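See below for the structure under consideration.
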Amino acid sequence: MFKKVLIAEDIDAVNTALKKFLLSLGAQEVVYASYCDEAYLKCKKAYQEQSPYELVISDLSFRQDHREEKIRSGEELSLILKKEMPELKIIIHSIEDHPGKVKKIIPYVDGYVCKGRKGMNHLEQAIQQVYGGKSYLSPDIEQTLHHKNVKELSDYDLSILKLLCDGYIQEEISMKFKAQGITPFSKSSIEKKLKDLREEFEAKTNPQLISTVLTLQLI
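Laid out in structure tokens, this is it:
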């Protein structure tokens, strides 16, 4: 069992419950942080003192208040910690189950558990699996990822969709791609790609396509 654990969560009742739960599993030191910057600084300090945390359990969403925060979400926190401390294990513990959001973050964490009726059971399984060197997704998250509209979008696809979302028309996207050296940049290529994406997401119009990918949080 992990001996030194940090919880990044902004709800005190959840922090207290998770700390009690982790101690019952055999953890020896459990601390929590209500802000992402605070969580990062605690992890950094422990790492520099050569007494690093072994596991971070983090929510994704943190309420903003009067404090000026550099790191504003569990997603940002996880990416930074993994980059600076790649051996640190991270499990996301969140109510967030949008397929686009989940699919975006799971390559950078070791486990993802959705809060819910069986959340603590799944969290225990996640801790055991991750401690054993494996990754873990709770059953509801696995089901989310099998949603029919969770598509793989290339960087090219995303570039077109983001510009379309910003109000650019196909001709303007073509000119922008040409200036940036992005290929293919012809208007006909972009129109064909948008046609393919509309079919893939079962959208009749470009506005409907944008609405769908925004709902799925793919852009």
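Residues are numbered in our numbering as their position in the sequence shown, beginning at 1, plus a constant of 4. C-beta: ideal position from N, C-alpha, C; glycine also. On a predicted model such as this, the values are computed, not experimentally measured, just so you know.
Taking 8 angstroms as the limit between beta carbons, can you name the residues of its chain near residue i, skipping five residues before and five after?
| i | result |
| --- | --- |
| residue 152 | With a pLDDT of only 47 at residue 152, under the threshold of 50, the placement of this residue in the model should not be trusted; the figure read from the coordinates follows. Counting only Cβ-Cβ distances below 8 angstroms, and skipping sequence neighbours, we find nothing. |
| residue 208 | 202 |
| residue 172 | 180 |
| residue 27 | 34 |
What is the C-beta distance between residue i and residue j, in whole angstroms, given that I count them as a contact (C-beta under 8 angstroms)?
| i | j | result |
| --- | --- | --- |
| residue 22 | residue 60 | Between residue 60 and residue 22 the Cβ distance is about 12 angstroms, and since that is not below 8 angstroms, they are no contact. |
| residue 180 | residue 167 | 7 angstroms |
| residue 29 | residue 128 | 7 angstroms |
| residue 169 | residue 109 | Not confirmed; about 21 angstroms, so no contact. |
| residue 34 | residue 46 | In fact, because the Cβ distance is near 12 angstroms, the residues do not count as touching under 8 angstroms. |
Please tell me whether residue i and residue j are closer than 8 angstroms, where the distance is taken between their beta carbons.
| i | j | result |
| --- | --- | --- |
| residue 101 | residue 145 | yes |
| residue 106 | residue 157 | no |
| residue 195 | residue 221 | no |
| residue 161 | residue 191 | no |
| residue 238 | residue 56 | The requested residue 238 does not occur in the structure, where the chain is confined to residues 5 to 223. |
| residue 6 | residue 58 | yes |
| residue 31 | residue 12 | no |
| residue 16 | residue 67 | no |
| residue 213 | residue 205 | yes |
Return the chain-ordered list of same chain residues with a C-beta closer than 6 angstroms to the C-beta of residue i, the five sequence neighbours on each side being excluded.
| i | result |
| --- | --- |
| residue 130 | 95, 115, 117 and 140 |
| residue 24 | none |
| residue 86 | 112 |
| residue 142 | 117, 118 and 126 |
For residue i, which residues of its own chain have a beta-carbon under 7 angstroms away from its beta-carbon, when the five flanking residues on both sides are left out?
| i | result |
| --- | --- |
| residue 75 | 40, 41, 44, 81 and 84 |
| residue 120 | 144 |
| residue 49 | none |
Report task. Kindly confirm or deny that the segment 87 to 97 and the segment 123 to 143 touch, where touching means at least three C-beta pairs closer than 8 angstroms. Result -> yes
Query - Stretch pair the segment 78 to 91 + the segment 116 to 127: three plus CB contacts closer than 8 angstroms - result: The segment 78 to 91, when compared against the segment 116 to 127, does not touch it at the 8 angstroms Cβ threshold.
Report task. Just list the beta strand (DSSP E) runs in the segment 40 to 128, keeping only unbroken ones of 3 residues or longer that don't cross its boundaries, in chain order. Result -> The qualifying runs are 59 to 62, 93 to 98 and 115 to 118.
Requested in this report: Note down, one range per segment and in chain order, each alpha helix (DSSP H) of at least 4 residues found wholly within the segment 140 to 179.
Outcome: 143 to 149 and 159 to 169
Report task. Write down every uninterrupted run of the alpha helix (DSSP H) in the segment 14 to 40 whose length is 4 residues or greater and which is fully enclosed by it, in chain order. Result -> 16 to 29
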